[in-house]
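In this note's numbering, the protein residues as written are 630 to 828.
Ideal placement from N, C-alpha and C gives every residue a C-beta, glycine not left out.
First the structure, in the form of structure tokens, and then the observations on it.
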């Protein structure tokens with residue numbers, strides 16, 4: 630790899646610079662300073678999360694054998710999936726707009742980073758479920774209590790998405806913001822520039 634390519638890669642990986650440039654864009658400033666737009670987008674985001682996580686939780690409770698036990702898993706997922714996808718699309722679009730409105734603070738938020746980590750765990754869990762567990766669904770589709778693998782996947786899903794909701798709500802609080810006195814450990818987790826005491 631030549632030096633020019635390395636410099637280009639370094640500039641792409643300069644995430645602090647990326648979020649700072651985002652924050653300087655007129656659209657980001659306008660959205661952040663808008664009297665109504667940010668609030669409406671945040672409300673739509675909550676509705677999207679409610680629809681997405683709510684429908685996932687219904688399937689997870691079925692897989693755990695705690696609810697909807699008379700319904701075959703396949704029939705339940707077929708009816709719920711369109712609503713889950715609609716909630717997902719709304720959640721992602723509005724979430725991206727909320728990040729765009731305050732990119733620097735969001736990027737350095739400990740809660741935002743925890744939320745992304747939990748979303749990654751949930752996504753990996755979904756992938757493993759579809760690749761390894763669901764392939765044998767024909768055998769246990771109508772069982773009141775599906776096999777252990779499905780139940781473990783459902784429990785992880787419920788825990789991860791509950792964590793996403795909690796950490797997402799905590800983003801509003803400034804306990805770990807870069808402008809607050811923080812320990813070196815918190816600075817490492819948030820990626821905040823080190824304060825005078827840590828330099």
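Legend entry - Cα-Cα separation, residue 660 to residue 715: Reading the chain shown from its first residue, position 31 is the one you call residue 660. Reading the chain shown from its first residue, position 86 is the one you call residue 715. In a straight line, the C-alpha of residue 660 is about 24 Å away from that of residue 715.
Legend entry - Closest residue to residue 732 among 650, 817 and 795 (Cα-Cα distance): Position 103 of the chain shown, counted from the first residue, corresponds to residue 732. Nearest option by C-alpha distance: 650.
Legend entry - Reduced DSSP secondary structure (H/G/I, E/B, other) of residue 774: Within the chain shown, residue 774 is the residue found at index 145, counting from 1. Three-state DSSP puts residue 774 in coil, outside helix and strand.
Inset, instruction - Return the Cβ separation of residue 741 and residue 644 in integer angstroms, given the expectation that the two are a contact with Cβ distance under 8 Å. - result: As a first step, residue 741 must be located in the chain shown, where it is residue number 112. As a first step, residue 644 must be located in the chain shown, where it is residue number 15. Taking a contact as a CB-CB distance under 8 Å, the pair residue 741 and residue 644 does not count as one, their CB atoms being some 13 Å apart.
Inset, instruction - Using the Cα positions of residue 663 and residue 670, report the straight-line distance between them to the nearest angstrom. - result: Start at 1 with the first residue of the chain shown, and residue 663 comes out as number 34. Start at 1 with the first residue of the chain shown, and residue 670 comes out as number 41. So the alpha carbons of these two residues sit roughly 11 Å apart.
Legend entry - Short Cβ contact (8 Å threshold) for residue 817 with residue 744: Along the chain shown, read from residue 1 onward, the residue named residue 817 stands at position 188. Along the chain shown, read from residue 1 onward, the residue named residue 744 stands at position 115. No, these two residues do not count as a Cβ contact at 8 Å.
Inset, instruction - Compute the beta-carbon to beta-carbon distance between residue 757 and residue 782, rounded to the nearest angstrom, for a pair I have assumed lies under 8 Å. - result: Translated into positions along the chain shown, residue 757 becomes position 128. Translated into positions along the chain shown, residue 782 becomes position 153. Right, the Cβ-Cβ distance comes to about 7 Å (below 8 Å), so this counts as a contact.
Legend entry - Beta-carbon gap between residue 685 and residue 804 smaller than 8 Å: Working through the chain shown from its first residue, we reach residue 685 at position 56. Working through the chain shown from its first residue, we reach residue 804 at position 175. No, the pair does not count as a contact, with Cβ atoms beyond the cut-off.
Legend entry - Candidates 778, 809 and 774: closest to residue 701 by CA position: For the purposes of this step, residue 701 is identified with residue 72 of the chain shown, where counting begins at 1. Residue 701 has its Cα closest to that of 774, out of 778, 809 and 774.
Legend entry - Option in 719, 654 and 688 with minimal Cα separation from residue 706: Residue numbering aside, residue 706 sits at position 77 when the chain shown is read from its first letter. Selected option, being the one with the closest Cα: 688.
Inset, instruction - Determine the extent of the alpha helix (DSSP H) in which residue 806 is found, giving its start and end residues. - result: Sequence index remark: in the chain shown, residue 806 carries index 177 (1-based). Counted as a single uninterrupted DSSP element, the stretch harbouring residue 806 is not any alpha helix (DSSP H), since DSSP gives it neither H nor E.
Inset, instruction - Put residue 645 into one of helix, strand or coil per three-state DSSP. - result: Here residue 645 refers to the residue found at position 16 of the chain shown. DSSP places residue 645 in helix when its eight states are reduced to three.
Legend entry - Cα-Cα separation, residue 811 to residue 739: Residue mapping note: residue 811 aligns to position 182 of the chain shown, counting from 1. Residue mapping note: residue 739 aligns to position 110 of the chain shown, counting from 1. Residue 811 and residue 739: Cα-Cα distance of roughly 12 Å.
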